[in-house]
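What the sequence shown shows, in full-length UniProt numbering, is residues 1 to 187, in sequence order. Presented below is the structure to which this report refers.
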Amino acid sequence: YDLKDTSKITLVDLQFMAAMGPPGGARSSVTLRFTRHFSVVSMNPFSDETLLKIFNTIVATYMKMEEYNMEYMGLGLSFVLGTMEVYKGAMANLLPTPNKSHYVFNLRDFSRVILGVCLIKRNDVIDKTTFIRLWVHEVFRVFYDRLTDDADRTWLFSMVTKFVVNNVKFKLDQVFGKLTQPEDNGR
Numbered sequence: 001y002d003l004k005d006t007s008k009i010t011l012v013d014l015q016f017m018a019a020m021g022p023p024g025g026a027r028s029s030v031t032l033r034f035t036r037h038f039s040v041v042s043m044n045p046f047s048d049e050t051l052l053k054i055f056n057t058i059v060a061t062y063m064k065m066e067e068y069n070m071e072y073m074g075l076g077l078s079f080v081l082g083t084m085e086v087y088k089g090a091m092a093n094l095l096p097t098p099n100k101s102h103y104v105f106n107l108r109d110f111s112r113v114i115l116g117v118c119l120i121k122r123n124d125v126i127d128k129t130t131f132i133r134l135w136v137h138e139v140f141r142v143f144y145d146r147l148t149d150d151a152d153r154t155w156l157f158s159m160v161t162k163f164v165v166n167n168v169k170f171k172l173d174q175v176f177g178k179l180t181q182p183e184d185n186g187r
């Protein structure tokens, strides 16, 4: 109804589209009375193989366009695996609560890490540690910056550390050693 003169408004040839996530966390279920007006389409979560295929293709395409050698190609593809581990770990261990209602992670977070890594230009990559440092930075930017609890921060830090040590075969001291060195001006 029109609020000014209370006359009825008729909408003709209208299409309405809506999207929602499954109930849980801060989301509640929608009544059948409301959903009967829609054609409900559901999509199952992607399998690990599908996620790896999608994001490995993105990283491989980026690496080819930037003309990285195969040494870096393997490193980039291992970051997809590491991001998936962090993402799945966050989904399982960092659950939303009333105090942590923003602990809701989805594939958008996964893609933010990967696309953030793909922003660096080949000329800016000095060595492998630059690339590793960028990936750790992106994981912390997307996941760590949301965390409000020291226990959660410690959990994520240890997860990233284990991945870098076990899969990339670097220690974080090697990767971030430059940041802990005293400056030449005596500070």
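Just so you know, even glycine gets a beta-carbon here, dropped at the ideal spot from N, CA and C.
Buried or exposed by the 16-neighbour rule on C-beta atoms within 10 Å, applied to Y103: buried
R146 to C118 span [Cα, whole Å]: 22 Å
Pairwise C-alpha distance: S7 and D109: 46 Å
Which residues DSSP lists as bridging G24, in chain order: R27
Coil, strand or helix - T10 by DSSP: coil
Coil, strand or helix - K169 by DSSP: coil
H137, DSSP secondary structure in three states: helix
Alpha-carbon to alpha-carbon, D173 and residue 228: Since the first residue shown for the chain is 1 and the last is 187, residue 228 is missing from the structure and cannot be characterised.
Closest Cα partner of Y72 within the set V125, W155, V165: V125
Proximity winner among T130, N106, V142, relative to L156 (alpha-carbon distances): V142
Sequence-distant residues of its chain with Cβ nearer than 8 Å to L77 (five each side left out): N56, V59, A60
Span of the alpha helix (DSSP H) around T148: Element bounds for T148: n/a, residue is neither H nor E.
Residue environment, G82, which counts as buried when at least 16 other CB atoms sit within 10 Å: buried
V30 versus N69: straight-line alpha-carbon distance, rounded: 51 Å
Which listed residue (P22, L52, I54) has its alpha carbon closest to that of N44: P22
Three-state class that DSSP yields for residue 188 in the structure shown: Lying before the first or after the last residue shown, residue 188 is absent from the chain, which here runs from 1 to 187.
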